[in-house]
Amino acid sequence: MTAVEEIQRRIVEEFLEIGDDFDQYAYLIEISCSFKPMNPEDKWENRLVQGCQSRVWLKTYGDAEGRFFFEADSDTLIVKGVLSLLRQMFWGQRAEEVAEAQVTFLQETAIMETFESDRQKGLGYVIRFLQQKARLLAGDKVDNS
Amino acid sequence: MFQPESIRGDFPILGLSVNSHPLIYLDNAATTQMPEPVLATYCEQHRLYEANVHRGIHRLSQLSTKRMEEARVKVQRFLNARYPEEIIFTSGTTAGINLVAESFGRAFLHPGDEIIVTNMEHHSNLVPWQETCRRHEAALKIWTMEANGSLDVNRLASMLSSKTKMVAVCGVSNVIGALNPLDDIVKLAHAAGAFVLVDAAQAIRHGRTNVQELFCDFLVFSGHKIMGPTGTGVLYGRRDILEKLPPVVFGGGMVDRVTETSASFESLPFKFEAGTPNIAGIIALGEALEYVQRLGIGACEHERNLIRYLEQEMREIPEVELVGSPRFRVGVLSFNLQGFSAFDTAALLDKLGIAVRSGHHCAQPALRHFGLEGAVRVSPAFYNTQEEMEAFLDGLRRVIPLLKGTKT
Chain V
1 MTAVEEIQRR IVEEFLEIGD DFDQYAYLIE ISCSFKPMNP EDKWENRLVQ GCQSRVWLKT
61 YGDAEGRFFF EADSDTLIVK GVLSLLRQMF WGQRAEEVAE AQVTFLQETA IMETFESDRQ
121 KGLGYVIRFL QQKARLLAGD KVDNS
Chain A
1 MFQPESIRGD FPILGLSVNS HPLIYLDNAA TTQMPEPVLA TYCEQHRLYE ANVHRGIHRL
61 SQLSTKRMEE ARVKVQRFLN ARYPEEIIFT SGTTAGINLV AESFGRAFLH PGDEIIVTNM
121 EHHSNLVPWQ ETCRRHEAAL KIWTMEANGS LDVNRLASML SSKTKMVAVC GVSNVIGALN
181 PLDDIVKLAH AAGAFVLVDA AQAIRHGRTN VQELFCDFLV FSGHKIMGPT GTGVLYGRRD
241 ILEKLPPVVF GGGMVDRVTE TSASFESLPF KFEAGTPNIA GIIALGEALE YVQRLGIGAC
301 EHERNLIRYL EQEMREIPEV ELVGSPRFRV GVLSFNLQGF SAFDTAALLD KLGIAVRSGH
361 HCAQPALRHF GLEGAVRVSP AFYNTQEEME AFLDGLRRVI PLLKGTKT
């Protein structure tokens, strides 16, 4: 099991332990605060993830060791909570691992059920966007080496 | 006095639990639940009478045809239309408006003509007119609501002219529940020589509809917003006008004589009902209208009391921002919690078993009028109880500190 998969497993376990659906969402709302607010100058239009019902801003970057990082914001707290879980999974992980990870926690918990199909598609797009960026970063590293 | 408890047993779905809480269904402006007699009628049609209509000479086909035409008469009576052939069955409000917009455009619109719609309309009563105007080089004029969400008929009077061919307006707004002054609108529009289409999708359940008294030219509604099945709807049109309109959908059931190169069409109402209709749905819709009629006006009054109570209580919650304050509000109440997205509020309420809708409610211009992109909409029906309103308010009071906690 990769580090990313291990974190994902813990996320799912934590959620299932909470049990009550309302409390699960209360938890998502709570962890939505864990993001420090994104700089307004980083929230320009191009960073908006297209195709998501909620407004989502993402800024990705890597370090010299090929580790992946991202900052995010959303106008919806629950979506921000989901972004926070994604950050737990991906933050500081090797870009190749992020790019190849199977993101399943949204389905394994009840989180996805509340999202209507457009927003589900939007979240799928967010994950694809992050993994594409990670793939590019991994590729860059290979190219540079 | 109407007691919701006396009829809740007719709606088995109201006994469900959702997310381990008793379901409190407050999304009736989107879709209402069907009572047992409607469900039974729907199933009975499939079980005992399934056959196509207006085609076969066999017994089942005759019975299906008879039952569907009886449903047409039930709708006629419900609307107090003069003739059954003034009732066209559609798949819903959207289909009804599209039919009129397309057909009316072909028959009556010329370059330079004008159509008036309000900025409170559901997209279904806006976009079809945008398209029709574009195709016929007509102008679409927007009648803007007042700051509080009411319509001022003086504003309409100043917009009407000999160029106006149609005024298309909702009876009740699906966002703020404004009850519009249809009588005045029809009189003013007719005096200017314009036709009037009433989108009654929301209004149909909130009071008596009498098309002869209102004297509108067209009126449309959906079955699923008045205890009928989804995929059913009604277009009422005055017979003399419908006779002048060409069909816009072609195929089986609407033709008289067909050669390889041409066709002549059936008379009303069939010329507008191409293809096999939603037979069981239509018959069940007839039953739904009778069910609502049996409940009487007391059911509508009960609903109004629920909305009035909610509005009064929600005004006392400082974090609640109600959308609009029209002079007369029925059916729906939209709101936001200060600084929080409608989606977060509705999603948390859902986890408490409370079904409300969030988003733009297919009325983006209406929400933008209030400077909003979205709102939470609560829409009770006659089967909802005072206790459910209190549970909804309790849910809201539970959600508010949770959301506010993220700001501290």
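Protein chains in written order, with the numbering used here: chain V, 1 to 145; chain A, 1 to 408.
C-beta: ideal position from N, C-alpha, C; glycine also.
Can you check whether the CB of residue j is closer than 7 Å to the CB of residue i?
i        : j        : result
V/Tyr25  : A/Leu348 : yes
A/Phe417 : A/Val186 : What is shown of chain A runs 1 to 408, which leaves residue 417 of chain A out entirely.
A/Met166 : A/Ala194 : yes
A/Asn278 : A/Gly231 : yes
A/Glu316 : A/Leu337 : no
A/Thr144 : A/Asn125 : no
V/Ala110 : V/Asp20  : no
A/Leu235 : A/Thr90  : yes
A/Ala107 : A/Ile282 : no
V/Ala138 : V/Glu96  : yes
V/Ala72  : V/Leu58  : yes
A/Val211 : A/Leu396 : no
A/Leu402 : A/Phe340 : no
A/Arg8   : A/Leu16  : no
A/Glu388 : A/Ile88  : no
A/Val399 : A/Val378 : no
A/Ala391 : A/Ala342 : no
A/Ile115 : A/Val220 : no
V/Leu28  : V/Gly81  : yes
A/Ser222 : A/Gly359 : no
What does DSSP give as the partner residue(s) for residue i in the beta ladder?
i        : result
A/Met166 : A/Ile115 and A/Phe195
V/Asp73  : V/Trp57
A/Tyr236 : A/Ile87 and A/Leu219
A/Asp27  : A/Ser379
V/Gln93  : V/Phe68
A/Lys141 : A/Ile116
A/His21  : A/Val18
A/Ser334 : A/Arg377
A/Thr265 : Position check: residue 265 of chain A holds Phe in this sequence, whereas Thr was assumed. Paired residue(s): A/Val255.
V/Gly62  : V/Phe68
A/Arg294 : Answer is none; A/Arg294 lacks a bridge partner.
The alpha helix (DSSP H) that contains residue i, what's its start and end?
i        : result
A/Val127 : Val127 to His136
A/Asn154 : Val153 to Met159
A/Arg59  : Arg59 to Leu79
V/Val12  : Ala3 to Ile18
A/Leu99  : Thr93 to Phe108
A/Ser173 : First-last for A/Ser173: undefined, no H or E at that position.
V/Glu116 : Neither: V/Glu116 is in no alpha helix (DSSP H) and is coded neither H nor E.
A/Met34  : Careful: A/Met34 lies outside any alpha helix (DSSP H) and carries neither H nor E.
A/Arg205 : That residue, A/Arg205, is in no alpha helix (DSSP H); it is neither H nor E in DSSP.
A/Ser418 : Missing from the structure shown is residue 418 of chain A; chain A here goes from 1 to 408 and no further.
V/Arg47  : Counting along the chain, V/Arg47 falls outside any alpha helix (DSSP H), and DSSP gives it neither H nor E.
A/Glu388 : Gln386 to Lys404
Would residue i be called buried (16 or more neighbouring beta carbons within 10 Å of its own) or exposed?
i        : result
A/Ser262 : exposed
A/Ile354 : buried
A/Phe250 : exposed
V/Tyr61  : exposed
V/Val142 : Residue placement at V/Val142 is poorly supported in this model, since its pLDDT is 45, which falls under 50; the coordinates still yield a value, given next. So V/Val142 ends up on the exposed side.
V/Ser145 : Annotation note: pLDDT 31 at V/Ser145 (below 50); position unreliable, coordinate value reported separately. With fewer than 16 Cβ atoms within 10 Å of its Cβ, V/Ser145 is classed as exposed.
A/Tyr291 : buried
A/Tyr83  : exposed
V/Asp118 : exposed
A/Asp344 : buried
A/Pro128 : buried
A/Pro94  : In the sequence under discussion, the amino acid at residue 94 of chain A is Thr, which differs from the Pro named in the question. A/Thr94 is buried by the Cβ-count criterion.
A/His46  : exposed
A/His58  : exposed
A/Val258 : exposed
V/Gln8   : buried
A/Lys407 : exposed
A/Ala240 : Note that residue 240 of chain A is Asp in the sequence shown here, rather than Ala. So A/Asp240 counts as exposed.
Tell me where the beta strand (DSSP E) around residue i begins and ends.
i        : result
A/Gly359 : Arg357 to Gly359
A/Ile321 : It is Glu, not Ile, that sits at residue 321 of chain A in the sequence shown. Here the beta strand (DSSP E) through A/Glu321 covers Val320 to Leu322.
V/Ser32  : Note, V/Ser32: premise wrong, no beta strand (DSSP E); alpha helix (DSSP H) at Asp21 to Ser32.
Less than 6 Å between the CB of residue i and some heavy atom of the ligand ADP, yes or no?
i       : result
V/Phe15 : Because no ligand of any kind appears in the structure shown, any question about the ligand ADP cannot be addressed here.
For the stretch 127-135 of chain V against the stretch 81-90 of chain V, are there 3 or more C-beta pairs whose distance is under 8 Å?
-> yes
Pair every Cβ in the stretch 322-332 of chain A with every Cβ in the stretch 161-181 of chain A, then say whether three or more of these pairs are closer than 8 Å.
-> yes
Within the chosen definition, does the stretch 304-314 of chain A reach the stretch 276-292 of chain A through at least 3 CB pairs nearer than 8 Å?
-> no
Meets three-Cβ-pair contact criterion under 8 Å: the stretch 292-300 of chain A and the stretch 196-212 of chain A | yes
Per the contact definition of three or more C-beta pairs closer than 8 Å, is the stretch 60-77 of chain A in contact with the stretch 33-51 of chain A?
-> yes
Given 8 Å, three or more beta-carbon pairs between the stretch 32-46 of chain A and the stretch 353-370 of chain A | no
With a cut-off of 8 Å, do at least 3 Cβ pairs link the stretch 8-17 of chain V to the stretch 377-393 of chain A?
-> no
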